[in-house]
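Inspection log for the structure reproduced underneath, given as structure tokens.
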Amino acid sequence: MPSLEEAFETSVQDGTLPGAVLLAADKTGTFTYSKAFGRKSLEDGNNEPLATDDVFRLASMTKLMTSIAALQIVERGLINLDDDVGSVLPELSQQKVLIGFDDDEPLFRERKNHIRFQHLLTHSAGTGYAFINPDLMKLNAARGRNLMATKTVVECFDDPLIYEPGEGFQYSCGIDWAGKVIERLTGDTLESFMRQNVWRPLGAKGISFWPQEHPEMSSKLTGMSVRDESTGGLKNLEKSILNVDPTDCFGGQGCSADLTDYMKILHSLLVDDERLLKKESTALMFQPQLTKKGHDDLEKTIQVHEHNALYVGDFPPDCEYDWGIGGILALSSRDGGRQKGTLIWSGLPNMYWFIDREAGLCGTFGTYVVPPGEARIGKMIKLFEDSMYYQKLSERSPDVAARL
């Protein structure tokens with residue numbers, strides 16, 4: 232049976248992955264794992280091997296850092312989690328609720344509930360993503376909007392609500408709007424605020440919304456690849472996977488990072504060292520945040536095949552989940568694996584992270600493949616995660632490739 236490393240080498244050779252970075256650490260510092268496989272890019276003529284400190288486009292892995300920044304301004308007394316954000320985000324607060332269509336004519340009703348800051352952080356504000364929600368897709372198509380060409384958060388997410396705030400769950404742009412709250416209440420850009428308050432306290436120099444402005448980051452940027460539907464293989468992707476040349480810091484999707492620096496954030500939350508947040512704030516991140524209706528909505532998305540791409544990694548439908556602050560929250564444990572209270576999320580190019588405070592383990596998986604949620608890559612993420620638990624518990628190399 233192949234080892235973990237042999238399984239990943241094979242996955243690169245057979246075209247499952249172009250390359251991958253695997254990082255993990257435990258709470259005590261006695262166990263760490265750091266390994267890179269494959270190539271930095273599939274661009275013709277670029278055979279440079281991938282390194283553990285290369286820079287990946289985080290996409291939605293940005294959401295964790297914006298959530299931390301949001302809790303920091305709560306700690307400073309600039310806003311409370313239950314506060315109505317209407318005065319800070321008038322563009323969002325004026326939006327009505329889209330309830331459907333009469334033929335092709337959109338139908339709206341007035342919003343009844345306030346949009347609270349906590350709603351933005353937990354995908355329960357009534358906002359949606361136009362690439363996920365079919366009604367928003369239809370509305371934007373009718374309007375002729377090219378979302379990839381939008382430059383700012385307000386311009387990109389100028390959509391109606393799709394349900395009453397606080398009365399549901401749909402994965403959305405809420406954390407991008409939370410980033411605007413941070414900027415408007417602090418008078419700072421999200422880049423500058425995070426640099427001062429999230430990255431610098433940990434010595435994390437390799438994270439930015441603007442990696443091209445930092446030579447030490449731009450030279451390390453990985454490529455992007457796409458699965459060729461006709462051959463099943465991977466090919467280089469030159470076009471942007473998100474907004475082209477944005478002028479705003481998109482707090483839900485905009486950062487790039489050296490994953491060894493991103494690990495510093497995960498580990499700080501794991502050990503609860505208070506370098507980023509007070510203990511009571513960190514504890515909130517690992518507590519269920521949704522209403523009964525929101526929880527049920529989340530569980531339904533895990534069960535429905537069309538939404539599976541949202542859940543990069545391994546999310547068995549027989550386990551229960553909720554949303555914390557910063558990621559999805561496991562409400563049940565697996566023997567020898569992730570424990571109840573594990574916080575998890577991911578990013579569009581099949582990126583992934585987890586923090587398990589009960590088991591005392593955190594880790595991240597980096598690659599650069601779209602579309603997200605591929606079953607083949609999900610199996611490799613599961614192999615990585617299972618192996619880290621096994622190695623932490625046994626302190627010897629596992630032979631777990633048979634689980635594939």
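Per this note's numbering, the sequence shown starts with residue 232, numbered consecutively.
Think of the CB as a built atom: it goes at the ideal place given N, C-alpha and C, for glycine as much as any other residue.
All values derive from a computational prediction rather than experimental measurement.
Check, Outcome
"For Pro-337, which of helix, strand or coil comes out of DSSP?", "strand"
"Assuming the contact rule is C-beta atoms closer than 8 Å, Pro-396 and Ile-346 should be a hit. Round their C-beta distance to whole Å, please.", "5 Å"
"List the whole-angstrom C-beta distance separating Gly-578 from Met-292, where the pair is believed to meet the contact cut-off of C-beta under 8 Å.", "4 Å"
"Identify which residue in Pro-446, Trp-441 and Ile-363 has its Cα closest to the Cα of Cys-404.", "Ile-363"
"From the DSSP secondary-structure annotation, give me the bridge partner or partners of Asp-553.", "Leu-560"
"I'd like the ranges of any alpha helix (DSSP H) spanning at least 4 consecutive residues and lying wholly in the segment 488-532.", "490-502 and 510-516"
"Quick check on the burial criterion: 16 or more other C-beta atoms within 10 angstroms. Buried or exposed for Lys-411?", "buried"
"In the DSSP assignment, find the alpha helix (DSSP H) that holds Ala-586 and state where it starts and stops.", "Residue identity check: residue 586 is Ile in the sequence provided, not Ala. Per DSSP, Ile-586 belongs to no alpha helix (DSSP H); it is in the beta strand (DSSP E), 582-587."
"Can you list, in chain order, the residues of its chain whose CB lies under 6 Å from that of Asp-587, leaving out five sequence neighbours each side?", "Arg-569, Gln-570 and Thr-573"
"Rounded to whole angstroms, what is the Cα-Cα separation between Leu-560 and Asp-527?", "14 Å"
"So who's on the other strand from Ala-251, going by DSSP bridges?", "Phe-268"
"Step through the CB atoms of chain C and report whether any lies within less than 7 Å of the CB of Glu-447.", "Going by chain labels, chain C is absent from the structure shown, which holds only one protein chain."
"Pull up the distance between the alpha-carbon of Met-425 and that of Ser-461, whole angstroms please.", "42 Å"
"Have a look at Lys-294, Val-252 and Thr-261 and flag the residue whose alpha-carbon is nearest the alpha-carbon of Ala-282.", "Val-252"
"I'd like the ranges of any beta strand (DSSP E) spanning at least 3 consecutive residues and lying wholly in the segment 251-326.", "263-269 and 286-288"
"Tell me the DSSP bridge mates of Ile-575?", "Ile-559 and Phe-585"
"Does DSSP classify Thr-383 as helix, strand or coil?", "coil"
"For Pro-519, which residues in the same chain have their Cβ closer than 8 Å to its Cβ, ignoring the five residues on either side in sequence?", "His-526, Asp-553, Trp-554, Gly-555, Leu-560 and Leu-562"
"Where does Gln-622 land, buried or exposed, given buried means 16+ other C-beta within 10 angstroms?", "buried"
"Note down, in chain order, each residue of its chain lying with its Cβ closer than 7 Å to the Cβ of Asp-315, except the 5 sequence neighbours on either side.", "His-345, Ile-346 and Arg-347"
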